[in-house]
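Using the UniProt record's numbering, the final residue of the sequence shown is 599, and nothing's skipped along the way.
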Amino acid sequence: MREFSLPALYEVPADGNLTDLIRRNAVQHPDVPVIARKDPADGSRWLDLTAREFLAEVRAAAKGLIAAGVRPGDRIGLMSRTRYEWTLLDFAIWSAGGVTVPIYETSSPEQIEWILGDSGAVGCIVETGAHAAAVESVRGRLPRLAHLWTVDDGAVQKLADSGAQVADEVLDEHSSAADADSPATIVYTSGTTGRPKGCVLSHRAFFAECGNVVERLKPLFITGQGSVLLFLPVAHVFGRMVQLASVMAPIRLGLCPDIKHLTDDLAGFRPTLILGVPRVFEKVYNSARAKARAEGKGKIFDRAADTAIAYSRALDAPSGPSLLLRLKHKLFDKLVYGKLRAVLGGRATHAISGGAPLGERLGHFYRGIGFTVLEGYGLTESCAATAFNPYDRPKIGTVGQPLPGSAIGIAEDGEVLLRGEHLFSGYWNNEAATAEAMEGGWFHTGDVGTLDEDGYLAITGRKKEILVTAGGKNVAPAVIEDRIRAHALVAECMVVGDGRPFVAALVTLDEEFLPRWAAERGKSGLSREELLADPELLAAVQQAVDDGNAAVSRAESVRKFRILPTQFTEESGHLTPSLKLKRNVVAKDFAQEIEALYA
């Protein structure tokens with residue numbers, strides 16, 4: 001087995017927990033702005049909170065949770081978009097001694113019920129009335145769920161009011177109840193069986209993760225100078241890591257609740273560091289290119305893009321960029337690159353990207369315009385980044401070197417294996433899955449990759465059947481496929497969307513039921529081609545897709561489907577003897593049909 005490791009740059013505290021960070025900040029940096037929230041009266045303005053002010057608001061909310069009966073070790077669900085209250089309540093739950101259980105704000109009632117029920121949550125904080133209604137719809141099957149708070153209904157202030165009589169000594173006792181090895185959060189991630197598995201991440205795991213990220217990327221996390229705008233879901237472990245790394249540094253953290261306003265928020269907040277997924281950087285590039293074409297400047301933009309890519313590639317060559325290339329680059333910096341950097345806020349020189357591959361060409365394009373996107377790789381089980389490109393030695397096309405203090409191994413079959421303090425403690429209520437994943441002292445990722453002589457990891461494939469969209473969303477195909485396949489008209493269904501902007505599906509129809517369906521509707525005279533294009537048939541299949549989508553969040557739902565005129569069979573090579581889909585074979589044989597879904 002090939003293995004590569006790096007020494008730790010950060011020592012995890014022997015005791016204590018993540019609430020120590022906000023108390024330390026209030027003592028060491030009391031007047032430094034550490035977090036910013038949108039002004040409710042003026043959405044274009046940002047209101048800063050100092051380290052001292054943030055700690056006070058966290059403690060007030062935590063007292064309210066304690067007054068409601070929350071005890072150390074209790075699990076509390078948190079369902080909201082990325083906004084100031086998410087971070088506030090996350091730290092308030094920890095300060096009350098609790099364990100945060102994130103729920104995506106797009107989750108279905110079925111998913112909410114599973115996560116709250118499996119975790120044994122005693123309370124849940126939601127953002128909106130619609131979220132509260134979704135929880136209430138399944139609450140009868142959640143006997144342990146005693147409390148439900150709604151942020152838009154004044155939950156934060158109500159908690160502060162109800163906890164006003166809780167003594168500081170009581171709060172301090174709750175805040176110090178957890179040690180480094182206590183669970184900080186249970187993050188549910190998609191599994192091949194369809195039931196999300198709860199990854200238990202300890203305070204130690206986040207200390208090891210965020211401490212080493214901040215130390216390795218020190219120039220990007222300078223207190224009093226650095227700032228980051230977080231628009232990823234904080235329910236996702238990547239967003240959570242960004243939140244905690246910002247607090248650990250500390251640097252100014254802004255939270256953007258609606259990605260539709262991202263351009264305005266970038267211009268208003270002007271971050272020095274951006275965290276994102278490839279889809280965001282793809283959209284910036286595509287929008288800029290489309291705008292240039294609409295203004296009749298398409299050729300200039302394309303030449304500028306080619307120059308940026310060539311310039312970035314030349315930076316990796318011993319001789320560096322030629323004089324001519326440097327002159328062209330300087331010209332396009334004035335004409336094009338500066339405007340693109342302005343779209344990203346104008347101050348950021350670096351971004352960290354994860355969740356899906358960015359692509360080598362786009363990586364070189366961004367570095368060439370003076371905005372280096374550092375790709376990384378990780379999973380929920382690894383507390384987000386288990387590898388990332390260092391700011392001073394990036395290798396475009398790779399996901400970087402191991403997190404300092406951890407090791408990456410490549411098994412004989414090419415599977416990527418992980419070891420380190422940042423790994424999860426196990427799957428909640430699932431010892432069998434934990435034992436299987438942690439075989440031989442290594443976490444088996446299910447991904448396939450290679451390590452070069454400098455320890456840079458490249459991901460080349462995936463053993464597991466989890467799709468990861470271009471937006472970084474993990475999707476378990478079986479959940480939706482089983483629901484769609486349950487429709488009488490449907491024979492087989494294969495969900496696609498790995499590295500794509502949305503989830504789609506290939507569908508085959510049941511050869512026995514289709515003629516009966518046609519006869520019942522007076523359509524027997526239609527040719528097969530006409531029948532497959534019939535609006536009523538398409539509507540019936542759409543109904544099957546809608547049923548499948550009901551079990552998942554919007555981000556996981558099938559947006560488009562394509563009916564194939566053939567069948568998936570063992571004889572055709574698309575099914576195994578046990579009738580399981582050979583996804584790689586289907587994807588290869590129907591590559592054109594898949595491309596058509598995204599055309």
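Every residue gets a Cβ at the ideal spot worked out from N, C-alpha and C, and that includes glycine.
Tell me which same chain residues have a C-beta within less than 6 angstroms of the C-beta of Ser425, skipping the five on either side of it? Val200 and Ser202
Please report the residue range of the beta strand (DSSP E) in which Asp39 lies. Pro33 to Asp39
When you compare only the Cα positions, how much space is there between Pro535 and Lys523? 12 angstroms
So, with DSSP's three-state summary, where would you put residue 606? Since the first residue of the chain shown is 1 and the last is 599, residue 606 is not available in this structure.
Beta-carbon separation of Pro72 and His174 under 8 angstroms? yes
Do the CB positions of His422 and Pro250 come within less than 8 angstroms of each other? no
Go ahead and pull the three-state DSSP assignment for Val585. helix
Which term fits residue 601, buried or exposed, when burial requires 16 or more other beta carbons within 10 angstroms of its beta carbon? Residue 601 cannot be examined here, being either before or after the span of the chain that is shown, 1 to 599.
So is Glu431 buried or exposed if we call it buried at 16+ other beta carbons inside 10 Å? exposed
With a CB to CB cut of under 6 angstroms and the five nearest residues on each side skipped, what residues in its chain are close to Leu581? Met494
Out of curiosity, what's the CA-to-CA distance linking Gly134 and Val126? First, the amino acid is wrong: residue 134 is Ala here, not Gly. Taking the straight line from one Cα to the other gives about 10 angstroms.
Taking the alpha helix (DSSP H) that Gly211 falls in, what are its first and last residues? His203 to Arg216
Taking C-beta to C-beta, are Leu171 and Phe206 nearer than 8 angstroms? no
Beta-carbon within less than 7 angstroms of Pro233's beta-carbon, same chain only, minus the 5 sequence neighbours each way: which residues are those? Thr82, Tyr104 and Gly239
Please work out which residues of its chain come closer than 7 angstroms, Cβ to Cβ, to Ala599, disregarding the five sequence neighbours upstream and downstream, and give them in chain order. none
So, for Arg23: in the same chain, excluding its five sequence neighbours on each side, which residues have a beta-carbon less than 7 angstroms away from its beta-carbon? Leu55
With a threshold of 7 angstroms, establish whether the CB of Asp510 neighbours any heavy atom of the ligand SAM. Inclusion of the ligand SAM in the displayed structure is not the case, the ligand content being empty and no account of it being possible.
Is it right to say Ala533 is buried, meaning 16 or more other beta carbons lie within 10 angstroms of its own, or is it exposed? exposed
Would DSSP call Glu556 helix, strand or coil? helix
Identify whether Ala491 lies in helix, strand or coil by the three-state DSSP scheme. strand
Cβ of Leu220 within 8 angstroms of Cβ of Leu273? yes
Secondary structure, alpha helix (DSSP H): runs of 4+ residues fully inside the region 451–491: 477–485
Hey, quick one: how far does the alpha helix (DSSP H) through Phe332 stretch, first residue to last? Leu323 to Phe332
Given a cut-off of 8 angstroms, decide if Leu230 and Gly198 are closer than it, judged by their beta-carbon atoms. no
Counting only runs that start and end within the region 520–557, where is the alpha helix (DSSP H) found for 4 or more residues in a row? 528–532 and 535–549
Limits of the alpha helix (DSSP H) - the one that Thr307 falls within: Gly298 to Leu315
Just to confirm, are Arg289 and Phe301 a CB contact at a threshold of 8 angstroms? yes
For Ser137, tell me which candidate among Ile112, Ala505 and Ala160 has the shortest Cα-Cα distance. Ile112
Using a Cβ-Cβ distance under 8 angstroms, would Asp498 count as near chain C? In summary, chain C is missing from the structure at hand, where a single protein chain is found.
Closest to Ala491 by C-alpha separation, out of Ala407, Ala505, Phe365 and Ile594, would be which residue? Ala505
Consult DSSP for Pro402 and reduce its assignment to one of helix, strand or coil. strand
Excluding the 5 residues preceding and the 5 following Asp510 in the sequence, name in chain order all residues of the same chain whose CB lies nearer than 7 angstroms to its CB. Ala488, Leu489, Val490 and Ala491
Can you have a look at Arg204 and say buried or exposed, based on whether 16 or more other CB atoms are within 10 angstroms of its CB? buried
Give me the DSSP bridge partner(s) of Ile125. Leu78 and Trp149
Under 8 angstroms: do the region 449–457 and the region 388–404 share three or more Cβ pairs, one atom per stretch? yes
If we count the other Cβ atoms within 10 Å of its Cβ and call it buried at 16 or more, is Asp265 buried or exposed? buried
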